[in-house]
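Peer 1: For reference, each letter of the sequence shown is one residue, going 4 to 620 in the working numbering. Quick reminder that beta carbons are idealized off the backbone N, C-alpha and C, glycines included. Bear in mind the structure is a predicted one, so any value in this text is a computation, not a measurement. Below is one structure. I have some questions about it.
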Amino acid sequence: MEFEELKTLGSLPSPSGVALEVMRLTQRADLSIEDIAKPVQADPALTGQLLKIVNSAVYSQDKPVISVKEAVLRLGINVLARLVLTLSVLDANKTGRCLAFDYDCYWSKSLLKGLTMQALVKECQQRVFSPEEAFTIGLLSDIGCLALAQVYPDEYSECIESVTSSLLERERELFAIDHNQITIGMLQDWGLPKLSTDAIQLVSRANINQNDSAAERFASQLQLANRLTDDLCQERFSVETVCLAEQHALSMALLDKFRTELLPEWVELSKLLSIPLKTMPNLLVNKADSAESHPESLPLSGLKILLVEDDRFQLKLLTTYLEKQGHQVLGVDNGQQALQHLVIDQPQLIISDFKMQPMDGLTLSRTIRSTPQCENIYLILLTGDNDRDIMSEAFSIGVDDFISKPVNHIELDARIRGAQRAIQFQTKLHQEHKQIKRHSFDLAAANRKLAKMAITDQLTNLPNRRYLMSRLEQEWSVSLRQGKPLALLVVDLDFFKHVNDQFGHDVGDKVLMHFASVLEQSIRISDIACRMGGEEFVVIAPNTEQQTVGILAQRILSNVEQNQPAGLALSRRLTVSIGVAIADFEKDSNQWSDTLKRADAALYEAKAAGRNTFIIG
């Protein structure tokens with residue numbers, strides 16, 4: 004599955020309209036502080052959250068910030084824009100329908116990872132991003148998990164529950180895409196720097212060379228932040244975490260300092276954002292607990308009711324009566340409180356008085372119907388005899404039924420039975436829709452797997468020859484159009500026939516799988532490695548000149564020599580020979596095929612020169 008396809012299948016977590024406008028404004032060259040502050044100030048709730056965070060320990064300064072303009076001056080336009088984006092996504096996605104996904108745990112861990120990234124970057128001599136930018140990137144670096152939970156709540160629950168080793172691999176099996184790929188697509192859509200998404204793509208690699216590029220340096224910091232996030236709440240740091248920290252020249256004393264300083268900041272920030280603290284390292288939750296937050300799992304004989312009545316005496320009477328009838332009732336005495344409980348408690352039925360202050364029943368109903376998550380909640384309005392003229396307007400905005408005051412219990416029971424029938428019908432439709440969606444998902448997943456199998460080498464999991472031909476055509480066209488260099492490397496395992504002849508094809512297959520893994524670890528994020536056939540592989544290196552491709556070829560040679568197959572007593576060390584060619588867009592009349600032929604000829608020269616070397620043809 005491609006990310007663009009996923010966007011059409013469901014509701015991905017997305018920023019609010021204000022956040023998107025802020026991100027759009029940052030593309031303007033003539034942007035002023037007033038321009039960026041104006042849309043933020045139009046959202047009082049967002050402004051309040053923003054000022055709380057800016058004045059917290061995360062961005063603490065001596066002088067408190069009391070306006071959005073001051074926040075822009077303190078943080079800078081880009082940092083503020085990304086903070087606004089983060090807050091809007093967080094606020095809209097604190098809960099969801101994926102039973103096996105712990106939303107509180109996800110956001111709690113994400114906050115701690117953001118703080119950890121910020122602290123790490125402050126200690127680094129060669130900074131890729133500012134500490135404030137690192138906080139945002141760290142916080143959003145696993146947003147793809149949340150996306151899968153929101154788009155495929157049932158299927159992702161099964162995915163989480165069936166994981167035995169790698170979550171990424173299980174996601175690719177079920178969805179033909181993993182949360183890292185989705186994270187990259189989402190952050191690119193939201194306008195975060197390409198360097199950050201390149202780093203996230205590298206994080207899953209076992210070994211990252213910090214000295215090769217800015218993306219690899221930042222990816223290595225993200226790897227360390229992942230480990231620290233899991234270890235900070237433990238009694239001691241793991242051996243792996245300490246070793247990785249030493250690679251970054253971070254002492255044990257500094258790690259202890261992180262624990263001392265970061266945990267209080269984490270507690271403060273979690274309180275500011277109303278996120279319960281969770282220290283568990285996974286996303287699993289207790290299913291029994293989860294069922295309580297999902298109204299369709301409740302038996303229809305007892306509904307989950309939100310009762311809104313500003314007369315405290317009437318509120319208590321109705322609550323007591325409805326609870327005796329077997330309903331689960333949450334009573335509040337004003338519309339603002341009702342809205343606060345709406346998304347969190349997810350009632351099946353709302354019974355609200357019409358005449359309330361400061362928000363009356365019509366305003367509350369209109370707000371509920373304008374909220375996508377609440378558009379199907381059954382609404383009953385309590386009215387007096389003099390309120391009959393408002394019925395037409397109430398029905399037009401989505402009120403389902405009325406009960407006259409004073410409330411007659413017989414009428415109340417009858418109206419609720421009508422609500423139960425409507426809710427039962429909605430639940431049945433929802434279940435049918437889920438079944439249809441599940442069948443569609445299974446069919447789409449099967450098609451994606453078949454499509455992926457058609458372009459994937461089944462032994463090495465690298466792209467196969469068919470994909471190579473198509474990708475060469477694509478990269479040739481892009482390089483020609485943009486006037487950028489294109490390099491091809493043909494890589495062949497030395498004396499591989501002897502391995503098959505001496506040890507058999509089973510050992511030969513293990514050697515090929517081992518080499519494919521080493522090759523993937525050796526190339527850059529922009530390079531594409533494919534299996535041509537047999538023991539021959541091709542690396543497409545876009546935007547790569549002769550000097551750079553020589554460095555790449557030498558790294559492949561060195562990595563193969565230094566990483567011999569474990570547990571295989573080969574008669575000679577595994578080495579490779581490499582033929583390299585740079586595309587000549589004027590002389591290569593047959594396009595990429597001529598370049599590939601020159602790389603193949605250079606490979607034979609490398610073989611003739613004694614193997615374990617590379618030749619640029």
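Given this structure, state the Cα-to-Cα distance separating Arg372 from His436, to the nearest angstrom.
Peer 2: The residue you call residue 372 lines up with position 369 of the sequence shown. The residue you call residue 436 lines up with position 433 of the sequence shown. Each residue's Cα considered, the two are about 21 Å apart.
Peer 1: If you count every other CB in all the chains shown that lies within 10 Å of the CB of Asp234, and 16 or more means buried, which is it?
Peer 2: Residue mapping note: residue 234 aligns to position 231 of the sequence shown, counting from 1. So Asp234 ends up on the buried side.
Peer 1: Run through DSSP, which three-state label would Met394 get?
Peer 2: Counting from one through the sequence shown, the residue named residue 394 turns up at place 391. In the structure shown, Met394 sits in a helix (DSSP, three-state: H, G or I).
Peer 1: Among the candidates Leu102, Arg77, Val43 and Asp38, whose CA atom is the shortest distance from the CA of Val57?
Peer 2: Along the sequence shown, read from residue 1 onward, the residue named residue 57 stands at position 54. Per the Cα distances, Arg77.
Peer 1: Ile308 and Ile354: beta carbons closer than 8 Å?
Peer 2: Locating residue 308 in the sequence shown gives position 305, where the first residue counts as 1. Locating residue 354 in the sequence shown gives position 351, where the first residue counts as 1. It is a contact, given that the beta carbons lie within the stated cut-off.
Peer 1: Rounded to whole angstroms, what is the Cα-Cα separation between Cys108 and Arg230?
Peer 2: Position 105 of the sequence shown, counted from the start, is the residue given in the question as residue 108. Position 227 of the sequence shown, counted from the start, is the residue given in the question as residue 230. Their backbone Cα atoms lie some 16 Å apart in a straight line.
Peer 1: Near Leu483, which residues of its chain fall below 7 Å by C-beta distance, leaving aside the five closest residues on each side in sequence?
Peer 2: Reading the sequence shown from its first residue, position 480 is the one you call residue 483. Counting only Cβ-Cβ distances below 7 Å, and skipping sequence neighbours, we find Phe588.
Peer 1: Does the Cβ of Ala32 have 16 or more other Cβ atoms within 10 Å, making it buried, or fewer, making it exposed?
Peer 2: The residue labelled residue 32 in the question sits at position 29 within the sequence shown. Its Cβ having fewer than 16 others within 10 Å, Ala32 is exposed.
Peer 1: Apart from the five residues on each side of it in sequence, which residues of its chain come closer than 7 Å, Cβ to Cβ, to Ile528?
Peer 2: For the purposes of this step, residue 528 is taken as the residue at position 525 of the sequence shown. Excluding residues within five positions, the ones whose Cβ falls inside 7 Å are Asp201, Gln204, Leu205 and Ala218.
Peer 1: Could you give the uninterrupted runs of the alpha helix (DSSP H) lying entirely in the region 453–484, keeping only those of 4 residues or more?
Peer 2: Within the region 453–484, no complete alpha helix (DSSP H) run reaches 4 residues.
Peer 1: For Ser369, which option in Gly401, Thr119 and Val493 has the closest C-alpha, if you only look at C-alpha atoms?
Peer 2: Reading the sequence shown from its first residue, position 366 is the one you call residue 369. First, the residue type needs correcting, since residue 369 is Arg and not Ser in the sequence shown. Here the closest residue by C-alpha is Gly401.
Peer 1: Are the CB atoms of Leu115 and Thr232 nearer to each other than 8 Å?
Peer 2: For this step, residue 115 is matched to residue 112 along the sequence shown. For this step, residue 232 is matched to residue 229 along the sequence shown. Cβ distance < 8 Å, so Leu115 and Thr232 count as in contact.
Peer 1: Is the beta carbon of Ala556 closer than 8 Å to that of Ala584?
Peer 2: To locate residue 584, count along the sequence shown from 1; it is residue 581. To locate residue 556, count along the sequence shown from 1; it is residue 553. Contact flag unset, no.
Peer 1: First and last residue of the alpha helix (DSSP H) that includes Thr366?
Peer 2: Looking up residue 366 in the sequence shown gives position 363. Its alpha helix (DSSP H) spans residues Gly364 to Arg372.
Peer 1: Distance check for Lys590 and Asn464, CA to CA, integer angstroms please.
Peer 2: The count along the sequence shown starts at 1 and reaches residue 464 at position 461. The count along the sequence shown starts at 1 and reaches residue 590 at position 587. Their backbone Cα atoms lie some 34 Å apart in a straight line.
Peer 1: Grab the span of the alpha helix (DSSP H) containing Tyr62 for me, first residue to last.
Peer 2: Taking the first residue of the sequence shown as position 1, residue 62 is located at position 59. No alpha helix (DSSP H) holds Tyr62; DSSP gives it neither H nor E.
Peer 1: Once DSSP output is grouped into helix, strand and coil, what is the label at Val493?
Peer 2: Residue numbering aside, residue 493 sits at position 490 when the sequence shown is read from its first letter. Here Val493 sits in strand by DSSP.
Peer 1: Can you list, in chain order, the stretches of the beta strand (DSSP E) that have 3 or more residues and sit fully within the region 483–552?
Peer 2: Whole beta strand (DSSP E) segments, 3+ residues: 489–496, 531–536 and 539–545.
Peer 1: CA-CA distance, Met516 and Phe506?
Peer 2: Taking the first residue of the sequence shown as 1, we reach residue 516 at position 513. Taking the first residue of the sequence shown as 1, we reach residue 506 at position 503. Those two C-alpha atoms are separated by around 15 Å.
Peer 1: Mapping DSSP to helix, strand and coil, what is Ser574?
Peer 2: For this step, residue 574 is matched to residue 571 along the sequence shown. Coil, per DSSP.
Peer 1: Can the beta-carbon of Leu352 be found closer than 8 Å to that of Ile383?
Peer 2: Against the sequence shown, residue 352 aligns to sequence position 349. Against the sequence shown, residue 383 aligns to sequence position 380. Result yes, Cβ atoms of Leu352 and Ile383 sit closer than 8 Å.
Peer 1: For the putative contact between Asp497 and Ser580, defined by C-beta atoms under 8 Å, what is the C-beta separation to the nearest angstrom?
Peer 2: As a working mapping, residue 497 is identified with position 494 in the sequence shown. As a working mapping, residue 580 is identified with position 577 in the sequence shown. Indeed they touch by this definition, with Cβ atoms about 6 Å apart.
Peer 1: Can you give me the C-alpha to C-alpha distance between Ala609 and Ser165, rounded to a whole angstrom?
Peer 2: Within the sequence shown, residue 609 is the residue found at index 606, counting from 1. Within the sequence shown, residue 165 is the residue found at index 162, counting from 1. For Ala609 and Ser165, the distance between alpha carbons rounds to 48 Å.
Peer 1: Leaving aside the five residues before and after Val82 along the sequence, list all residues of the same chain whose C-beta is less than 8 Å from its C-beta, in chain order.
Peer 2: On the sequence shown, residue 82 is found 79 positions in, with the first residue counted as 1. Ser133, Glu135, Glu136 and Thr139, listed in sequence order.
Peer 1: Cα separation between Leu149 and Ser199?
Peer 2: Position 146 of the sequence shown, counting from 1, holds the residue named residue 149. Position 196 of the sequence shown, counting from 1, holds the residue named residue 199. Answer to the nearest angstrom: the Cα atoms are 19 Å apart.
Peer 1: Under 8 Å by Cβ, that's how I've got Lys55 and Leu275 pegged, so tell me the actual separation to the nearest angstrom.
Peer 2: By 1-based counting over the sequence shown, the position of residue 55 is 52. By 1-based counting over the sequence shown, the position of residue 275 is 272. That belief holds up - the Cβ atoms of Lys55 and Leu275 are roughly 5 Å apart, short of 8 Å.
Peer 1: With DSSP as the reference, identify every bridge partner of Val583, one or two as the case may be.
Peer 2: Indexing the sequence shown from 1 puts residue 583 at position 580. Bridge partners of Val583: Leu492 and Ile619.
Peer 1: Within a Cβ cutoff of 7 Å, which residues of the same chain sit near Gln376, ignoring the five residues on either side of it in sequence?
Peer 2: Indexing the sequence shown from 1 puts residue 376 at position 373. The residues are Val346.
Peer 1: Taking only the alpha-carbon atoms, compute the straight-line gap between Ser111 and Ser525 and give it to the nearest angstrom.
Peer 2: Residue mapping note: residue 111 aligns to position 108 of the sequence shown, counting from 1. Residue mapping note: residue 525 aligns to position 522 of the sequence shown, counting from 1. Approximately 34 Å, taken between the alpha carbons.
Peer 1: Considering Cα atoms alone, identify which of Ala572, Arg601, Asn546 and Asn615 is closest to Val563.
Peer 2: Along the sequence shown, one-based indexing puts residue 563 at 560. Comparing Cα positions, the closest option is Asn615.
Peer 1: Please tell me whether Asp157 and Ser113 are closer than 8 Å, where the distance is taken between their beta carbons.
Peer 2: Walking along the sequence shown from the start, residue 157 turns up at place 154. Walking along the sequence shown from the start, residue 113 turns up at place 110. Cβ atoms of Asp157 and Ser113: not closer than 8 Å.
Peer 1: At the level of alpha carbons, what is the spacing between Asp512 and Gly553?
Peer 2: Taking the first residue of the sequence shown as 1, we reach residue 512 at position 509. Taking the first residue of the sequence shown as 1, we reach residue 553 at position 550. Cα-Cα distance, rounded: 28 Å.
Peer 1: Let me know the secondary structure DSSP gives Lys307 once reduced to three states.
Peer 2: Locating residue 307 in the sequence shown gives position 304, counting from the first residue. Looking at Lys307 - three-state DSSP - the assignment turns out to be strand.
Peer 1: Could you have a look at Gly194 and say whether DSSP puts it in helix, strand or coil?
Peer 2: Position 191 of the sequence shown, counting from 1, holds the residue named residue 194. In this structure, Gly194 counts as coil in the three-state DSSP scheme.
Peer 1: Pull up the DSSP beta-bridge partners for Phe1, would you.
Peer 2: Since the first residue of the chain shown is 4 and the last is 620, residue 1 is not available in this structure.
Peer 1: Can you tell me where the alpha helix (DSSP H) with Ser596 in it begins and where it stops?
Peer 2: Working through the sequence shown from its first residue, we reach residue 596 at position 593. Segment Trp595 to Ala611, the alpha helix (DSSP H) holding Ser596.
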